[in-house]
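A.B. asks:
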Amino acid sequence: MDHFYVMTFKKWKRYTVVILLALFAAMFLWFERDGAFSVLSDSEPSALTKGNADESDIALTFNISWGEEKVHDILEKLEQHQVQATFFVSGEWAERHPEILEKITEQEHELGMLGYRYKSYLDQELEEVRNDLLEAKEVFGKLGYEDMKLLRPPSGQFNKEIIELAEDQDFTVTHWNVNPNDWQNPGTQKITDMVMKQTTNGDIILMHASDSVKQTAEALETILPGLKSKGFKLVTISELINQAHAESKLAE
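All letters in the sequence shown, in the order written, are residues 4 to 255 by my numbering.
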């Protein structure tokens, strides 16, 4: 006699939950590696987008590719609140403003690269990107910054080939996961609210120090003590990587 197994609704629902949980766990493992998160899978080259979600360390980062006025107000706020940040600057800007670059490092902020020219790497041939990176390394070397290892591609745009190219030149591609779009000047309160509401453990915050930002320094007056009061510790990207117990390379 043939026997048939009929799954009841309750059992079907229970099996569905188990399957969904398994899929969620698989996705989590796909994106997490040693406490550091990446935008690509663990088996491919990856970019750092988040530190250890189990620790309160967060990283405040600033992009700067043009202008020489607003950066001073931002540096003043960081100094007042005793916060070290990571500044990603283009080689072209660094050539024009070596004295500001020196001021940034004198205040013990970390430096990262935006390449040489601030032009999306996805709009260039791979060989052009290679030349841009080499030109940037040469410029920073001449200015006395030979050991820069952090790279943020212009406009935050990249793909697998660009990450592989960057890794071949010993760079860690660094992205972000909190972006208040301060360069659009949406209002000091909006910038503040977005950062305060969205930031969680291990996050990398993107802000700007180019002359396009007119509200960032004022927003920092509230953001910096506010993040500290919530128990976050603001660190540089390198400290975030070390704290996350990352491997020597964040991608395989």
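Backbone N, C-alpha and C define an ideal beta-carbon position, used for all residues, glycine too.
1) Using the C-alpha atoms, what's the distance from R120 back to D126?
2) Just to confirm, is the Cβ distance from S59 to N204 under 7 Å?
3) By the 10 Å Cβ neighbour count, where 16 or more other Cβ atoms means buried, how is I240 classified, buried or exposed?
4) Along the beta strand (DSSP E) that carries M116, what are the first and last residues, could you check?
5) For A62, which three-state DSSP category applies?
6) If I follow the unbroken beta strand (DSSP E) through M210, where does it start and stop?
7) Rounded C-beta distance between L209 and N66? I'm assuming under 8 Å.
8) Go through its chain and collect everything with a Cβ distance to V181's Cβ below 8 Å, but skip five positions before and after it.
9) Kindly list the residues whose CB is nearer than 7 Å to the CB of A97, restricted to its own chain and excluding five residues on each side of it in sequence; keep chain order.
10) Can you say whether K73 is buried or exposed, counting buried as having 16 or more other CB atoms within 10 angstroms of its CB?
11) Kindly provide the ranges of any alpha helix (DSSP H) runs that are 4 or more residues long and lie completely inside the region 117-158, ordered along the chain.
12) Measure from the alpha carbon of T195 to the alpha carbon of each residue in E131, I226, K140 and D171, then state which is nearest.
13) What does the Cβ neighbour count give for N214, buried or exposed, with the cut at 16 atoms within 10 Å?
14) From the DSSP output, read off the bridge partner residues of T89.
C.D. replies: Checking against the coordinates, here is how it stands:
1) 12 Å
2) yes
3) Burial call: buried.
4) From DSSP, the beta strand (DSSP E) with M116 extends over E113 to M116.
5) When secondary structure is reduced to three states using DSSP, A62 falls in the strand class.
6) I207 to H211
7) 7 Å
8) M197, V198, Q201, T202, D206, I207, I208 and L209
9) L104, V142, F143 and L146
10) Buried.
11) 129-145
12) I226
13) Reading the sequence as shown, one finds Asp at residue 214 and not Asn. Counting Cβ neighbours within 10 Å, D214 comes out exposed, since fewer than 16 surround it.
14) T89 pairs with T64 and E113.
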